[in-house]
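Peer 1: Got a structure for you, questions after.
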């Protein structure tokens, strides 16, 4: 009886470790790079390696918004990703749209 129980426990422990390893490595994707934006007073803000599909409220209305990531960014006139304005491709910038929130869409 003890001979069978020990291999079963070892197999269960190995299986649990495998599931945990796979589960922990499949974390949310993130864009590589940064989103930079400037307020109307010229103050610069940065969001480094922003996560995908997460609404990010900006600290100030962005007079200029620069997408220095490897993914497209949606920007919104209001907070909480309300009132979609447009998409900003990687390496592009936009001015005078005054967004207050952004979301990396891929």
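Residue numbers (UniProt numbering): 1 to 106. For each residue, glycine too, the CB sits at the ideal point set by N, CA and C. These figures come from a predicted structure and were not determined experimentally.
#1: Residues bridged to residue 37 by DSSP?
#2: Does DSSP put residue 80 in a helix, a strand or coil?
#3: Tell me, which residues are paired with residue 93 by DSSP?
#4: Where residue 70 and residue 80 are concerned, what is the direct C-alpha to C-alpha distance, given to the nearest angstrom?
#5: Based on the DSSP output, what are the partners of residue 60 in its beta bridges?
Peer 2: Quick answer:
#1: In the chain shown, counting from the first residue as 1, residue 37 sits at position 37. Residue 37 pairs with 45, 65.
#2: Position 80 of the chain shown, counted from the start, is the residue given in the question as residue 80. Residue state, collapsed to three classes: helix.
#3: Along the chain shown, one-based indexing puts residue 93 at 93. Beta-bridge pairing links residue 93 to 66.
#4: As a first step, residue 70 is located in the chain shown; it is residue number 70 there, counting from the start. As a first step, residue 80 is located in the chain shown; it is residue number 80 there, counting from the start. About 23 Å.
#5: Here residue 60 is taken as the residue at index 60 of the chain shown, counted from 1. Its beta-bridge partners do not exist; DSSP assigns none.
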